[in-house]
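A short worksheet on the structure shown next.
Numbering (full-length UniProt numbering), first residue to last: 1 to 65.
So, in structure tokens, the structure goes:
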């Protein structure tokens, strides 16, 4: 049971990282607004990661609870 849980957590972390990289690329390269200030950029990335974690928690609650 523990091994499957850790494997699932690892896959979720990889998914969040991939989505985060895609978000960063979109934000910097495709927005057309230029490079945001470091503070705004960090806040934006953290908000994105927090949103993804909330989605994962909601999915886990629906799936396991």
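Heads up, the beta-carbon is just placed ideally off N, CA and C, and yes, glycines get one too.
Helix, strand or coil for residue i per DSSP?
| i | result |
| --- | --- |
| residue 38 | helix |
| residue 65 | coil |
Taking Cβ to Cβ, would you say residue i is nearer than 8 Å to residue j?
| i | j | result |
| --- | --- | --- |
| residue 65 | residue 45 | no |
| residue 23 | residue 41 | no |
| residue 16 | residue 62 | no |
| residue 12 | residue 57 | no |
Answer with yes or no whether the minimum CB distance from residue i to chain B is below 8 Å.
| i | result |
| --- | --- |
| residue 26 | The structure shown contains no chain B, having only a single protein chain. |
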